[in-house]
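The next block holds one structure in the form of structure tokens; read it before the comments.
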Amino acid sequence: MRKKSMISKAIMIAIHAVILLLTYFPMYFMLISSLKNNDQISANCFLPTFPLRFENYSAAFFHVVRYLGNSIIVSGGAVIGIMICGSMSAYIFARYKFPGKNVLYILILSFLMVPAVLTLIPQFVLVNNLGLNNTYWSCILPYIATGQIIFIVIL
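So for the sequence shown, the numbering used here puts the first residue at 932; every next one is plus one.
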């Protein structure tokens, strides 16, 4: 019985080692490849080669900084909008009694069951009709509308 337990333990350790290798190998490869130029990658792609090229990060940063700024503006605006609208709505639902409160809350809960993919085309048409194409608001307002539902339920 003890030998069988040791074998099963060794098999489990081997399976975990393979899963660990498969999980971390892409990150290792990404890190090693980011410190090479194209010639070094084609010569030896899996092992580190010297000299390490840390200037690749500074070159990439200048290309990525605008996209990073866009992400910060959109996500920050969406979070602030969700917190303002969602807090007010959740406060009303929690503190006040009004006719149709339960029906309205069930309606809000039912919107959680609608897949987000189904709302893509109506959101595009709405943003297009409002004339908000190619603006930050075209990204922020749909996030506020969809995120508010979850925020109300959580609070």
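Just so it is clear, CB atoms sit at the ideal spot from N, CA and C, and this is done for glycine as well.
Range covered by the alpha helix (DSSP H) that runs through residue i
i	result
N1001	E986 to R1026
L1035	K1032 to F1042
V949	R933 to S965
L1057	L1051 to N1060
N969	N969 to A974
Residue nearest to residue i in terms of C-alpha spacing, selected from the options
i	options	result
I1080	V1048, I1071 and F1042	F1042
L1057	P1073, K940, V1045 and V996	P1073
Nonlocal neighbours in the same chain, by C-beta distance under 8 Å from residue i, ignoring five residues either side
i	result
T980	K967, Q971 and A974
Proximity of residue i and residue j at Cβ, strictly below 9 Å
i	j	result
M1014	F960	no
C1016	I1075	yes
V1084	L1035	no
A1009	G1078	yes
Alpha-carbon spacing of residue i relative to residue j, whole angstroms
i	j	result
L952	Y998	32 Å
N969	I963	12 Å
M937	I950	20 Å
Residues near residue i in its chain [Cβ-Cβ closer than 7 Å; skip 5 each side]
i	result
V1005	Y1067, C1070 and I1071
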